[in-house]
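K.L.:
After the structure tokens below, expect a handful of questions from me.
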Amino acid sequence: MSWWPIGANAQRRRVQRSVSEGPLRDYLDVPVPANDTPAEQLPLLAVDLETTGLSARTDRILSVGFVPVDGNVINLSGARHIVVRSQGEVGQSAAVHGLTDDAVAAGVPLAEALAQLLAALRGRVLLAHYATIEQEFLSAACRAVYGHPLPVRVVDTLELQRRLTTTAWDDPRAGSLRLGAARAAHGLPRYRAHEALTDALSCAELWLAQSIALSERGQGRLGQLAR
Amino acid sequence: MDDELAEIADFLAAHPPFSELPEQSLQALPRELTVRYYRRGSVLATPADEVKHLSIVRAGAVDVHDAAGALVERVDVGGSFGVTGLVQPPPYGFSVTALEDTLILELPASSFHRLVESSAAFSSYFLLQQAHRLHAAVQSVAVSDSGTAVLKTRLRDMVTRPPVAIGPQASVQEAAQLMRSERISSLLVQDPQVVGIVTDRDLRNRVLADGLPPSTPVAQIMTPNPTTADADTLAFELLLSMLARGIHHVPVTDGQDLLGIITSTDLVRLEQSNPLYVVQDISRQNQPEDIALATARLPDLVERLVAQDASAEDIGRVVTAVADAVQRRLLILAEEKLGPPPVPYCWVALGSQGRREQALGADQDHALILSDDVTREHDAYFADLAGFVRDGLVTCGYPPCPGDVMATTPRWRQPLATWRRQFGEWISEPTPDAVLAATIFFDMRAVAGELELCTRLRTGVLAMTPNAKIFLAHLAKQAVEHAPPIGMFRGLVLEKEGEHKSTLDLKHRGVGPVVDLARVAALAAGLPQVGTQARLDAVAAAGGMSAAATADLKDALEFIAYVRLRHQARQVRERGIPDNFVSPEELSSFEKRHLRDAFGVVRTAQGVLAGRHPLGYIS
Numbered sequence: 000m001s002w003w004p005i006g007a008n009a010q011r012r013r014v015q016r017s018v019s020e021g022p023l024r025d026y027l028d029v030p031v032p033a034n035d036t037p038a039e040q041l042p043l044l045a046v047d048l049e050t051t052g053l054s055a056r057t058d059r060i061l062s063v064g065f066v067p068v069d070g071n072v073i074n075l076s077g078a079r080h081i082v083v084r085s086q087g088e089v090g091q092s093a094a095v096h097g098l099t100d101d102a103v104a105a106g107v108p109l110a111e112a113l114a115q116l117l118a119a120l121r122g123r124v125l126l127a128h129y130a131t132i133e134q135e136f137l138s139a140a141c142r143a144v145y146g147h148p149l150p151v152r153v154v155d156t157l158e159l160q161r162r163l164t165t166t167a168w169d170d171p172r173a174g175s176l177r178l179g180a181a182r183a184a185h186g187l188p189r190y191r192a193h194e195a196l197t198d199a200l201s202c203a204e205l206w207l208a209q210s211i212a213l214s215e216r217g218q219g220r221l222g223q224l225a226r
Numbered sequence: 000m001d002d003e004l005a006e007i008a009d010f011l012a013a014h015p016p017f018s019e020l021p022e023q024s025l026q027a028l029p030r031e032l033t034v035r036y037y038r039r040g041s042v043l044a045t046p047a048d049e050v051k052h053l054s055i056v057r058a059g060a061v062d063v064h065d066a067a068g069a070l071v072e073r074v075d076v077g078g079s080f081g082v083t084g085l086v087q088p089p090p091y092g093f094s095v096t097a098l099e100d101t102l103i104l105e106l107p108a109s110s111f112h113r114l115v116e117s118s119a120a121f122s123s124y125f126l127l128q129q130a131h132r133l134h135a136a137v138q139s140v141a142v143s144d145s146g147t148a149v150l151k152t153r154l155r156d157m158v159t160r161p162p163v164a165i166g167p168q169a170s171v172q173e174a175a176q177l178m179r180s181e182r183i184s185s186l187l188v189q190d191p192q193v194v195g196i197v198t199d200r201d202l203r204n205r206v207l208a209d210g211l212p213p214s215t216p217v218a219q220i221m222t223p224n225p226t227t228a229d230a231d232t233l234a235f236e237l238l239l240s241m242l243a244r245g246i247h248h249v250p251v252t253d254g255q256d257l258l259g260i261i262t263s264t265d266l267v268r269l270e271q272s273n274p275l276y277v278v279q280d281i282s283r284q285n286q287p288e289d290i291a292l293a294t295a296r297l298p299d300l301v302e303r304l305v306a307q308d309a310s311a312e313d314i315g316r317v318v319t320a321v322a323d324a325v326q327r328r329l330l331i332l333a334e335e336k337l338g339p340p341p342v343p344y345c346w347v348a349l350g351s352q353g354r355r356e357q358a359l360g361a362d363q364d365h366a367l368i369l370s371d372d373v374t375r376e377h378d379a380y381f382a383d384l385a386g387f388v389r390d391g392l393v394t395c396g397y398p399p400c401p402g403d404v405m406a407t408t409p410r411w412r413q414p415l416a417t418w419r420r421q422f423g424e425w426i427s428e429p430t431p432d433a434v435l436a437a438t439i440f441f442d443m444r445a446v447a448g449e450l451e452l453c454t455r456l457r458t459g460v461l462a463m464t465p466n467a468k469i470f471l472a473h474l475a476k477q478a479v480e481h482a483p484p485i486g487m488f489r490g491l492v493l494e495k496e497g498e499h500k501s502t503l504d505l506k507h508r509g510v511g512p513v514v515d516l517a518r519v520a521a522l523a524a525g526l527p528q529v530g531t532q533a534r535l536d537a538v539a540a541a542g543g544m545s546a547a548a549t550a551d552l553k554d555a556l557e558f559i560a561y562v563r564l565r566h567q568a569r570q571v572r573e574r575g576i577p578d579n580f581v582s583p584e585e586l587s588s589f590e591k592r593h594l595r596d597a598f599g600v601v602r603t604a605q606g607v608l609a610g611r612h613p614l615g616y617i618s
């Protein structure tokens, strides 16, 4: 994330100045929450992408799932699952996410999926488990569609879980930071993985549990939670 | 776009009452929910709260305590709480604490009310939950001897029949046929030990819905290794565990023996037949006017019981228990005012109250049996006592008997010996009019005072009636006099004239003939039972009537009485005075068809009775 060192807001302002009217501009026009916003008042959007692979340069987004979280409440009425139409073949990745070429052919164009996501993301912090994937793919998609990267505040539940399980003596055990294992550690039920909306909901529920635990440790403000 | 929240929908589909919702509404429901998480030990609700959601436990568990701090319920995965707060005005009155880390799905009040309106299964589930919650709350404040039936009754005392079982290789069709002929909603599967249970619901959900053939072996669709309960378990403990597990049928065991099956309906019935609250209230009042405030709730109580599908028999017992309580309380107040009785007495209820079949709006029918030690000077005391009770009953909404069959009438306030002579006269030297007037005295039950006086009188009477052929013939004639309202082609025949033209008189042409039939049959066999259902059972047990005919007649009575109750409950709801005249427009075609069948059963039974007590030689 080459732009990150110059500061989220600086980058946001730079893109805002140069981007023309449209979904990205509308998104940027709504300010993000301040760094001292407490977790229980923080507006977030839990997002999960299913992709053809792990490289934002060569792989494509197949589906987008998201659900809004207002502090400590998940609003399922705002939940969306959008399949993205794409030219290439799904290939072997279908074994992971279950989206067939037919399903993908019936989806919406990437620009439209992106517009819906950006509308939902207005004024919110992006929430994801191992958010690098979501951040990189969305930024690449924004470059492709709008010619600019996506400036966004991010809270990563994998990072938060690492923080909660790392002690002075021990690193987290291998695998314990995965979404399913992290959820189990907080008494959350087991969900099927690799369906974008279910994974977004999984991540949102994990956030509810983590944010309470972190608030109890005095780490409950956006500035302490976001990366 | 496909916004299905599959994990949430699947979860709801696995837990009652959501599992009872139609697929379409189940799939749409998750979008109406919000999700919250609570750490162990945190507080989810306090008694002062206003409840805005039904909370469904998705993971973890919570404890519900009442305002006094008593544990009311522990709710775990799939269970829900907050119903009290949704159906009653705030404050909530309960506190809810997370026992473990807990994930909650919240269903908004508006969605909850919409589902209650649209789904009978959904609403009845929460009614049951409500009933339980209320009683648990009562338990925590009640003194030990005033607990409700569900809190005191053990399963051993609730099992009414041995279980019916079928082999695992039997087909589901054979199972369904057995359930139909036995009139039961579940079957045990034995091989030879109990290996499973099959319920009505399984036949629907696992056979019909999955399109399995009638030849499918029972073993394939049964619930294996069903949860059982020990015979000494309290009814409310079973209710709790049935709610928690979402099951409706539980086999009851006593060591190695299997006693029978208890259904959730059995548990609801246990509660509904318990008029504890009204009765308790009555027993605390010190003025007839205050008792009247309690009895004024009776129509609402009946309406609610009808809405909950309690049986007509159970509702009759509830209404009677209230009348009994009023009379007992008035007698205590009378004795406080007049001083202790100079000689022992027994206050007896007659007619429908005697049979425990009282309906709303019933007249007073009572009498006094005095000890044979009574003297002429004592009569003024008992006249005053009877007058106080009669006036008090009028205040409480029980109109005086138009025929003066009340303890205020000197003839119905007599020493035991005089009563014996009176019954002897009715039985040995019957005249049609005298027998007609006297029938309600044969439905006599002690309510208060020296109960032994009533027992002694009735024992003597029952020794005489089996041999009193002419008396029985008069009673039988009376029982067949009112023909059920069905015509030649089994259409319903409406009243042809009078105030109630074009209605069905369900009392005189439906319930009444069955009551009369049961009375004749019981008196002919010298049986002590007073209630109609009890009389029919006893007559069948004594061989006086076939089991099938008895079952048919009981069903017919229950159905006619049920239609009458529904009609009366509707009148009460519309602030009218309950009566027995149902107009055909009130009835569905289903009800009309069943009423015709029920009347047909009554007419057949009348024919049998007429043959048994030849009427020719007295008319």
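Chains as they are written, first to last, in numbering that gives the first Met the number 0: chain C, 0 to 226; chain R, 0 to 618. Virtual Cβ for every residue (Gly too), placed ideally from N, Cα, C. These numbers were taken from a predicted model, which means no experiment stands behind them.
#1: Suppose the cutoff is 7 Å on Cβ atoms and the five residues either side in sequence are ignored; what does the same chain contact list for R142 of chain C look like?
#2: Under the DSSP definition of a beta bridge, which residues are partnered with L70 of chain R?
#3: Could you pull the DSSP bridge partners for A164 of chain R from this structure?
#4: For A97 of chain R, which three-state DSSP category applies?
#5: Can you give me the Cβ contacts of F111 of chain R inside the same chain, cut-off strictly under 6 Å, excluding the 5 residues immediately before and after it?
#6: Scan the segment 238 to 298 of chain R and note each continuous alpha helix (DSSP H) run of 4 residues or more that stays entirely inside, going in chain order.
#7: What is the rounded straight-line gap between the Cα of D280 of chain R and the Cα of I331 of chain R?
#8: Just grab the DSSP bridge partners of V387 of chain R for me.
#9: Give the residues of chain C in contact with P483 of chain R, contact being defined as C-beta atoms less than 7 Å apart.
#10: Could you give the residue range of the alpha helix (DSSP H) that holds A8 of chain R?
#11: Closer than 8 Å by C-beta to R84 of chain C: which residues in its own chain qualify, once you throw out the five before and the five after it? Chain order, please.
#12: Could you tell me whether any Cβ in chain R is nearer than 8 Å to the Cβ of I132 of chain C?
#13: Can you look up I220 of chain R in the DSSP assignment and give me helix, strand or coil?
#14: Interface residues of chain C around G59 of chain R at Cβ under 8 Å?
#15: Counting Cβ pairs, one atom from each stretch, are 3 or more of them under 8 Å apart for the segment 552 to 568 of chain R and the segment 309 to 323 of chain R?
#16: What are the start and end residues of the beta strand (DSSP E) that includes L75 of chain C?
#17: Say whether chain R places a C-beta atom closer than 8 Å to the C-beta of N71 of chain C.
#18: Closest Cβ-Cβ distance between E99 of chain R and chain C: below 8 Å?
#19: Considering only residues of the same chain and omitting the five flanking positions on each side of E135 of chain C, which have a CB-CB separation below 6 Å?
#20: For a contact defined as C-beta to C-beta under 9 Å, what are the partners of L43 of chain R on chain C?
#21: Express the C-alpha separation of A348 of chain R and V446 of chain R in angstroms, rounding to a whole number.
#22: Roughly how many whole angstroms lie between the Cα atoms of G509 of chain R and A478 of chain R?
#23: At a Cβ threshold of 8 Å, is S17 of chain C touching chain R?
#24: Count the C-beta pairs between the segment 202 to 215 of chain C and the segment 183 to 193 of chain C that are closer than 8 Å, then say yes if the count reaches three, no if not.
#25: Thinking C-alpha only, which one of C:L224, C:G179 and C:V144 is nearest L159 of chain C?
#26: Take the Cβ of R216 of chain C as the centre, count every other Cβ of all protein chains shown within 10 Å, and call the residue buried at 16 or more, exposed below.
#27: Can you give the Cα-Cα distance for D362 of chain R and R113 of chain R, rounded to whole angstroms?
#28: Label A546 of chain R either buried or exposed according to how many other C-beta atoms from any shown protein chain fall within 10 Å of its C-beta, with 16 as the threshold for buried.
#29: May I ask which residues mark the beginning and end of the beta strand (DSSP E) holding L61 of chain C?
#30: For C345 of chain R, report the span of its beta strand (DSSP E) as first-last.
#31: Going along chain C in order, which residues have a C-beta closer than 9 Å to the C-beta of I261 of chain R?
#32: Quick check on N71 of chain C: buried or exposed, where buried means 16 or more other Cβ atoms within 10 Å of its Cβ?
#33: Output, in sequence order along the chain, the residues in the segment 350 to 364 of chain R whose CB is closer than 7 Å to any CB in chain C.
#34: Take A601 of chain R as the anchor and find which of R:D551, R:L452 and R:R39 has the nearest alpha-carbon.
#35: Hey, Q26 of chain R and E3 of chain R: beta-carbon distance below 8 Å or not?
#36: May I ask you to list, following chain order, the residues of the segment 19 to 40 of chain R that have a beta carbon less than 9 Å from some beta carbon of chain C?
P.N.:
Walking through what the data contain:
#1: P148
#2: Its beta-bridge partners are R:H64.
#3: Looking at the DSSP assignment, A164 of chain R forms a beta bridge with R:L187.
#4: strand
#5: Excluding residues within five positions, the ones whose Cβ falls inside 6 Å are L53 and L85.
#6: 263 to 271, 275 to 281 and 287 to 294
#7: Distance between the alpha carbons of D280 of chain R and I331 of chain R is about 15 Å.
#8: This sequence places Phe at residue 387 of chain R; Val is not what is there. Beta-bridge pairing links F387 of chain R to no other residue.
#9: Scanning chain C for C-beta atoms nearer than 7 Å to the C-beta of P483 of chain R yields nothing, as the closest lies near 57 Å away.
#10: First-last of the alpha helix (DSSP H) with A8 of chain R: A5 to A12.
#11: V103, A104, A105, G106, V107, P108 and L109
#12: no
#13: The answer is helix: DSSP assigns I220 of chain R an H, G or I state.
#14: Among the residues of chain C, those whose CB is under 8 Å from the CB of G59 of chain R are G186, following chain order.
#15: yes
#16: Counting along the chain, L75 of chain C falls outside any beta strand (DSSP E), and DSSP gives it neither H nor E.
#17: yes
#18: Yes, contact with chain C.
#19: A55
#20: Going along chain C, no residue has its Cβ under 9 Å from L43 of chain R, so there is no contact; the nearest lies around 12 Å.
#21: 6 Å
#22: 11 Å
#23: no
#24: yes
#25: C:L224
#26: exposed
#27: 41 Å
#28: exposed
#29: I60 to D69
#30: For C345 of chain R, the enclosing beta strand (DSSP E) begins and ends at Y344 to A348.
#31: Within chain C, no residue comes near I261 of chain R; the closest Cβ sits about 32 Å away, beyond 9 Å.
#32: Burial call: buried.
#33: Cβ contacts with chain C: none found.
#34: Here the sequence assigns Val to residue 601 of chain R, which means Ala is not the residue at that position. The option with the nearest alpha carbon to V601 of chain R is R:D551.
#35: yes
#36: So the close ones are P29, R30, E31, L32, T33, V34, R35, Y36, Y37, R38 and R39.
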